[in-house]
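Numbering (this note's numbering), first residue to last: 26 to 392. The beta-carbon is built from N, C-alpha and C at its ideal position, and this holds for glycine as well. Source: prediction; values computed, not measured. Here the structure is laid out as structure tokens; the discussion comes afterwards.
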Ligand code: AHG
Ligand code: MN
Ligand code: MN
């Protein structure tokens, strides 16, 4: 369906939403809004690149050979291009003290040619990058923290430890989704709002005001090829779901796995469900698959703001005190009653709960 350029104008846009949110804080400077709008422009640019796919002239012919990123994972061309876009779109505006990304081992400094600001931007510029080659949904995830006061006062270069703040300290978080439509989903700590890119206007238009996740669900998401590495509480939970109506849950469950966490999270925000990428024993050096600071925390903030719950399985994700910039962690989020059930299974004093001190998590709200 083609809409006229004017047909959407009575609806709120991202700009209007941000201005109206700021009015709740008369003392606010508007810097956060400026930052979020630049992030949204980076996402629009990425949406265009993704939409051209193999047609992109700077594509396969000029593609550098696959390299390995700081995560030890293959870095796709678009991982590099989208990272560069995020950096260039946000380094100049004077709102940031520094940035950190999945694709960069060390924090990105704001060049001395530009003023330095009071926020830190953390991002996964392209989530689900294994889906690019198959033209499946991908996204970008971001998190905004306040820089430590000493950084703001001195204007010094940022260090890893400046970013090691619990998710509860996030000022804003969100993601862009590059699917059949491009969406921008955001929280500034007052609920969750979803915007759809109107290609006629080039604007994100408010289409999903005050997103809420149902507390119950019959849909779960997990990569079951890892089943042999799961811990007992996860195995129990999945087996009970699979047992369906005849099992202890007394109802049938459906299963979904997109392999872009951002897309799985979006489905859950739209219609409920539970997502697990739990801590497992696959690689003892890694305490999970997903990264705490720029994947788990922003999604956890969105989930909690939408009335859902986000957990490591053992404690609220937003309470985890990070120990490393690229730290990985077990992740469970979605419909509140399911996540609480999974946490209960982890806390039951069964032989299946590992007491390995390697896995101890430092937390703010440890129960
Ligand atoms: P990224 O593309 O940023 O490296 O993240 C991919 C992540 C996440 O989005 C997804 O849920 C998970 O990896 C998929 O993992 P499996 O390949 O193990 O299913
Ligand atoms: Mn990712
Ligand atoms: Mn990524």
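Item	Value
Pick helix, strand or coil for residue 107, following the three-state DSSP scheme.	helix
What runs of the beta strand (DSSP E), each 3 residues or longer, lie entirely inside the stretch 218 to 243?	218 to 223 and 228 to 233
Taking residue 37 as the reference, which of 319, 228 and 339 has the closest Cα?	228
May I ask you to verify whether the stretch 304 to 313 touches the stretch 279 to 291, counting CB pairs closer than 8 angstroms and requiring at least 3?	no
I think residue 199 touches residue 323, with their Cβ atoms under 8 angstroms apart; what is that distance to the nearest whole Å?	7 angstroms
Where do the ends of the beta strand (DSSP E) carrying residue 150 lie?	144 to 152
Where do the ends of the alpha helix (DSSP H) carrying residue 293 lie?	286 to 296
Three or more beta-carbon pairs under 8 angstroms between the stretch 247 to 265 and the stretch 217 to 233, yes or no?	no
The beta strand (DSSP E) with residue 163 in it runs from where to where?	163 to 171
Tell whether a beta-carbon distance below 8 angstroms holds between residue 150 and residue 168.	no
Any heavy atom of ligand 2 within a distance shorter than 7 angstroms of the CB on residue 149?	yes
Measure the alpha-carbon distance for residue 239 versus residue 160 and round it to whole angstroms.	30 angstroms
Any heavy atom of ligand 3 within a distance shorter than 7 angstroms of the CB on residue 154?	yes
Would the stretch 345 to 359 count as touching the stretch 187 to 205 if we require 3 or more Cβ pairs under 8 angstroms?	yes
Check whether the stretch 37 to 55 touches the stretch 199 to 217, counting contact only when three or more Cβ pairs, one atom from each stretch, lie closer than 8 angstroms.	yes
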